[in-house]
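K.L.:
In terms of mature numbering (1 follows the signal peptide of the UniProt record, and there is no 0), the sequence shown is residues -30 to -1, 1 to 392.
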Amino acid sequence: MEQITRRTLLVGTGVLAAAGAAGLATPAQAWDISRLGPYPLRPGHRGGYVQRLQWALNKVGNVTPKVALDGVYGAITTRAVRAFQTRQGLLVDGIAGTGTKRRLDALLDAYYDGGGNSGTRYRSRGVNLRSGPGMSHAVVGWLAAGEVVSGTRLSSGWVKVGSRGYAWHTYLVPLSGGGDDPTPGYLTPVTSIPSPGSGQPIKLGWTGTRVKLVLRRLGIDQGQLLHRMTPAAVDAVKRFQRAHGLTADGVVGPRTWAAMGFARSTYYIDGWVQQPKLGLSATRAQRVEQMIAFARAQQGADYTWGGAGPYRYGYDCSGLVLQSMYSAGVHPSPITVRLHASPGHRTSRALYNHDKLPRFAFSQRRRGDLIWYTNSSGWIQHVAIYLGNGYVVDSMYSVKVRRDSSRLHGFHRKGTVSRVFG
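Following this line, the structure appears as structure tokens:
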């Protein structure tokens, strides 16, 4: 087979034939995602599109060993695609779908036109790249923590990273003078966790330990994994209030709480926080072990959506992580246990996007890292603490140590982890 080059591939698609080799000022002008075909490429496929995929993986995919340009989507090509997806923080399925193609396309553009290497140099904290300057634009890739890129900051706060995409500026640290790159920012150790406040009236949309108690008291069964003040739950509270001579506003305040038979002190459990067990001189290893020790000590606790303990009242996945971090002496402000149970708040996503929890490739995971899992649409849905040797501790149905899986609890494991301690 003749040596395959970028020129050969483009001629094969008619690009150079139509434009003329002399008229092609920059190779990147001729390269386009369409060169990889109009449909997802998957194991078993054969032909020119597969051959171009193999060429792209060899060129910018950092695959070892190189993939033979035979046009056959076999086991070797599948492994190369999966390895590329893992490194890039994409869904790891071995299929060259739109996301994988876009990332290869961006890397090829960056390779051939220098990636727009003008403007400010930045060091990434770990951030998604989007197709345009806004959260409504599609995610087309990501910058790993520690990756150095050049880009131009727009007035909107977005940074255009050459032809690769756009990243939000808070996740990019400007570099000055071409010196050494700064260490990724981590959370500063503390010796106490401030109270977030407690005794918040329970209204429509709230979740958490107190909501779970109210639902049980009213005989409302939302299933094992849902504990939320829905409109139906609010109506049930109103009926209870009318029956007990209370103002029927559907809000569970101290008087309604007491009428339900709960001890007054339990009304304030929404503000419970685990205080740090370590001093400021503790080492990274000591903090990792303390975080894990706290999480493992909660084994057997019930699952409570929006719950953040203590043990008898249960945790959800991010509530467990939050209190475990507190135990080890770090506070991912502005996230609090009170905010954790508030309407519409997803602590797992807030932790994933926290600028003091730098992200690394899954292959670089360490004991104590946070592992992330998404739904089929790519949204963060679950988080677990990595223990090492393929095991995690998390809360789903109950707090438990489990064997990790790329489809844990039916979710898709992301190709990135977040590091709590530097």
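Note that beta-carbon positions come from the ideal geometry of N, C-alpha and C, so glycine has one too.
For the candidate residues Phe330, Ala76, Thr161, Pro13, whose alpha-carbon lies nearest to that of Gln245?
P.N.:
Thr161
K.L.:
Tell me which same chain residues have a C-beta within less than 8 Å of the C-beta of Thr56, skipping the five on either side of it?
P.N.:
Val62, Ala331, Phe332, Ser333, Gly385
K.L.:
According to DSSP, is Pro166 helix, strand or coil?
P.N.:
coil
K.L.:
Using the DSSP secondary-structure output, state which residues sit across from Ile172 in a beta bridge.
P.N.:
In the DSSP output, where bridge partners are listed per residue, Ile172 has Val222.
K.L.:
Just curious, the beta strand (DSSP E) that Thr90 is in, first and last residue?
P.N.:
90 to 94
K.L.:
Tell me whether the beta-carbon of Ile163 lies closer than 8 Å to the beta-carbon of Tyr296.
P.N.:
yes
K.L.:
Please list, in chain order, all residues of the same chain as Tyr356 whose beta carbon is under 8 Å from its beta carbon, the five residues on each side excluded.
P.N.:
If we look at Tyr356 and ignore the five residues flanking it on each side, its Cβ neighbours are Arg335, Arg336, Arg337, Gly338, Asp339, Leu340, Ile341, Val362, Asp374, Val387.
K.L.:
Find the nearest neighbour of Leu274 within the set Gly241, Arg180, Thr236, judged by alpha-carbon distance.
P.N.:
Here residue 274 is Thr; the residue named in the question, Leu, does not match the sequence. The shortest C-alpha separation from Thr274 is found at Arg180.
K.L.:
State yes or no: is the C-beta of Arg257 within less than 8 Å of the C-beta of Gly299?
P.N.:
yes
K.L.:
Could you pull out every residue in the same chain whose Cβ sits closer than 6 Å to the Cβ of Leu74, ignoring the five residues on either side in sequence?
P.N.:
Ala26
K.L.:
Going by DSSP in three states, His382 sits in which element: helix, strand or coil?
P.N.:
strand
K.L.:
Report the rounded CA-to-CA distance for Ala66 versus Val369, giving the unit in angstroms.
P.N.:
36 Å
K.L.:
Cβ of Gly241 within 8 Å of Cβ of Pro166?
P.N.:
yes
K.L.:
Ignore the nearest five residues each way along the sequence and tell me which others in Gly220's own chain have a CB closer than 8 Å to its CB.
P.N.:
Lys173, Leu174, Val204, Asp205, Val207, Lys208, Gln211
K.L.:
Please say whether Ser318 and Gln268 have beta carbons closer to each other than 8 Å?
P.N.:
no
K.L.:
Near Asn87, what residues of its chain come up, given a Cβ to Cβ distance below 6 Å and the 5 sequence neighbours on each side ignored?
P.N.:
Summary for Asn87: the model assigns pLDDT 42, below 50, so the residue's position carries little reliability; its value from the coordinates is reported in the next sentence. Within its own chain, the residues whose Cβ lies closer than 6 Å to the Cβ of Asn87, once the five positions on either side in sequence are excluded, are Ser120, listed in chain order.
K.L.:
So the beta strand (DSSP E) Leu357 belongs to, where does it begin and stop?
P.N.:
350 to 358
K.L.:
Note the first and the last residue of the continuous alpha helix (DSSP H) segment covering Ala267.
P.N.:
It spans 254 to 267 - the alpha helix (DSSP H) in which Ala267 sits, taken as one unbroken run.
K.L.:
Please report the distance separating the alpha-carbon of Gln192 from that of Val184.
P.N.:
12 Å
K.L.:
Under the three-state reduction of DSSP, which class applies to Pro201: helix, strand or coil?
P.N.:
helix
K.L.:
Does the distance from the C-beta atom of Pro302 to that of Arg389 stay below 8 Å?
P.N.:
no
K.L.:
With Gly289 as the anchor, note down where its alpha helix (DSSP H) starts and where it stops.
P.N.:
287 to 297
K.L.:
Flag this pair as yes or no: are the beta carbons of His324 and Ala278 separated by less than 8 Å?
P.N.:
Their beta carbons are not under 8 Å apart, which means His324 does not touch Ala278 by this criterion.
K.L.:
What span of residues does the beta strand (DSSP E) with Trp342 cover, start to end?
P.N.:
Element bounds for Trp342: 340 to 344.
K.L.:
Is DSSP giving Thr(-26) helix, strand or coil here?
P.N.:
With a pLDDT of 43 at Thr(-26), under the threshold of 50, the modelled position of that residue is not reliable, and the figure given next carries that caveat. Coil at Thr(-26), not helix or strand.
K.L.:
Could you name the residues of the same chain whose beta carbon sits closer than 8 Å to that of Ile262, not counting the 5 residues immediately before and after it, in chain order?
P.N.:
Ser294, Arg337, Gly338, Ile355, Leu357, Val363
K.L.:
Beta carbon of Val97, beta carbon of Leu113: below 8 Å?
P.N.:
yes
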